[in-house]
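Quick notes on the structure that follows.
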DNA sequence: CTAGTTGCAAATCATTTGCACTTGC
DNA sequence: GCAAGTGCAAATGATTTGCAACTAG
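Residue numbers (my numbering), protein chains in the order written: chain A, 522 to 658; chain B, 522 to 658.
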């Protein structure tokens with residue numbers, strides 16, 4: 522049993538072809554931060570017979586299971602990535618869509634302070650920076 | 522001429538009934554952070570004959586003109602608010618939807634550093650914290 | 001076997017657009 | 001008066017759902 526199928530079993534999902542295929546795509550080094558549509562296109566290119574609806578269903582199941590994270594970027598497009606072991610935020614190029622990750626302990630710490638000060642019990646957060654990347658500016 | 526109509530004129534938009542009505546709603550103390558649908562409902566309650574399409578068009582124009590800011594919160598819903606004189610971010614209660622604003626100079630500064638380090642020309646950013654507010658925890 | 005899963009097409013939701021009609025200046 | 005603005009209905013794009021067929025355990 523591979524690491525992927527192991528992960529599926531752990532979250533109580535049957536090990537099916539579509540799920541494994543999608544998990545493999547998410548795990549591919551080259552394609553961090555993909556949209557559902559992206560995944561669907563990649564599957565088509567590989568001549569896999571998997572419907573777009575299934576892609577969405579599987580991604581949603583993975584998200585609920587905590588296997589993947591969903592991010593809503595500006596311009597109304599969502600991307601998915603395998604849940605990182607270590608939290609990070611994103612900076613997105615508004616021209617070419619290129620995404621870089623970053624993590625900043627100071628920012629994280631300040632966020633906790635702020636939530637505390639305002640009486641919130643923090644469960645999650647979303648920080649996205651937008652601009653032109655080195656190639657597009 | 523009121524402050525609102527003044528604002529419209531400054532950004533080169535004709536002073537029309539729908540625009541003034543929508544601006545008034547956005548300016549109302551009680552309704553910071555409204556969705557397009559919210560505004561449409563408020564207009565209906567006031568028996569104003571303004572279409573949802575117009576609400577979207579007007580909000581988009583306002584956004585382009587810099588009069589209002591659009592925020593994409595989790596769960597795929599967008600909210601609008603009058604552009605604040607001073608930038609701030611948001612913390613949102615995932616149970617009751619209550620929104621508080623905050624600003625943190627340190628975080629802002631770190632963001633600029635990060636963008637610079639990654640070679641981005643920063644144009645915008647979006648920071649949202651999610652959790653349970655004091656009343657819902 | 002049989003509950004969970006899938007593919008497909010149709011449905012839904014938020015938002016946008018085409019177009020004939022109206023209004024602000 | 002006329003360009004800009006609007007209402008409505010139809011179009012769009014992303015995502016969800018109903019349902020009969022299929023498959024993993």
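Glycine included, every Cβ here is placed at the ideal spot set by N, Cα and C.
- Residue nearest to residue 613 (chain B) within the set B:648, B:558, B:576 is B:648 (criterion: CA-CA distance).
- Runs of the beta strand (DSSP E) lying entirely within the segment 562-636 of chain B and spanning at least 3 residues, in chain order: 589-594, 598-603, 610-614, 620-623.
- Of all residues in the segment 619-646 of chain B, only 621, 623, 625, 627, 628, 631, 632, 635, 636, 639, 640, 641, 642, 643, 644, 645, 646 come within less than 7 Å of chain A when Cβ atoms are compared, listed by chain position.
- B:623 is the residue among B:642, B:631, B:577, B:623 whose C-alpha sits nearest the C-alpha of residue 637 (chain A).
- The Cβ-Cβ distance between residue 548 (chain B) and residue 640 (chain A) does not fall below 8 Å.
- Secondary structure at residue 555 (chain B): strand, using DSSP grouped into helix, strand and coil.
- The residue among A:561, A:608, A:556 with its C-alpha nearest the C-alpha of residue 542 (chain A) is A:561.
- At a C-beta separation below 8 Å, residue 652 (chain A) has these neighbours in chain B: 636, 641, 642, 643, 644, 645.
- Inter-residue distance for residue 603 (chain A) and residue 590 (chain A) is about 6 Å (C-alpha atoms, whole angstroms).
- When secondary structure is reduced to three states using DSSP, residue 650 (chain A) falls in the strand class.
- Beta bridge pairing from DSSP links residue 645 (chain B) with A:651.
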